[in-house]
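Going letter by letter, the sequence shown gives residues 1 to 159 in UniProt numbering.
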Amino acid sequence: CLGEKIDFEDEVLELIANHSELSFRDATKLLEELVITKKLSLIEARDYIGIKSNQNLLQLVNINPSSPIKALEFIESFAQNGGNFKILIEEQLEELHQALLIESKTQKDLKKMFTFTLKEIVLLMRLFSEAYTNLKYSPIESLPLEIAIVEFYNKRTVK
Numbered sequence: 001c002l003g004e005k006i007d008f009e010d011e012v013l014e015l016i017a018n019h020s021e022l023s024f025r026d027a028t029k030l031l032e033e034l035v036i037t038k039k040l041s042l043i044e045a046r047d048y049i050g051i052k053s054n055q056n057l058l059q060l061v062n063i064n065p066s067s068p069i070k071a072l073e074f075i076e077s078f079a080q081n082g083g084n085f086k087i088l089i090e091e092q093l094e095e096l097h098q099a100l101l102i103e104s105k106t107q108k109d110l111k112k113m114f115t116f117t118l119k120e121i122v123l124l125m126r127l128f129s130e131a132y133t134n135l136k137y138s139p140i141e142s143l144p145l146e147i148a149i150v151e152f153y154n155k156r157t158v159k
């Protein structure tokens, strides 16, 4: 944005690239909207896009292995703050993808983020993918993700 003399944090441009679904037109439109609304910091841009929390849902699941309560509270808070569940699930799937590559030993240079087993990572990916698909059919936006979390905990405890 040097030619336009717009001062952005580098992370904002990365955020735009990640949330434009590989579409130049979508990225341009999002950039234009952020400039017009003067949302030039990372926090403002995340809020504008619908990312309402820096806390990570998967981290809550990881550190609370026996109870879904904290994860469900996170989802409820995320919904009350106007978070975008499509983006939330996409971000969680991206993190799970990285964890899958690490656990399957194809990415040795990445730091392990979670203590999930390979089987748990695959299960979470399936459940979150299903939740992502069901978002458009659900009358309650948070419901598919809440179901995925509860189902994961039910299957996880049946070891």
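Don't be surprised by glycine CBs; every beta carbon is placed ideally from N, CA and C.
Please confirm whether P68 has its beta-carbon closer than 8 Å to some beta-carbon of chain B.
The question asks about chain B, but that chain is absent: this structure has only one protein chain.
Please report the straight-line C-alpha distance between R46 and M113, rounded to a whole angstrom.
Spanning the two alpha carbons is a distance of roughly 22 Å.
Indicate the three-state DSSP secondary structure (helix, strand or coil) for L40 in the structure shown.
Note: L40 maps to coil in three-state DSSP.
Between A17, L96, I102 and P139, which has its C-alpha nearest R126's C-alpha?
When the alpha-carbon of R126 is set against those of A17, L96, I102 and P139, the nearest one is in L96.
Could you give the residue range of the alpha helix (DSSP H) that holds D10?
Counted as a single uninterrupted DSSP element, the alpha helix (DSSP H) harbouring D10 occupies residues D10 to N18.
Residues in its own chain within less than 6 Å of V12 by CB, not counting five upstream and five downstream?
Once the five neighbours on either side are set aside, the close Cβ partners of V12 are L42 and A45.
Rounded C-alpha distance that separates Y132 from E73:
So the two alpha carbons sit approximately 19 Å from each other.
On the three-state DSSP scale, how would you describe I6?
Reduced to three states, the DSSP call for I6 is coil.
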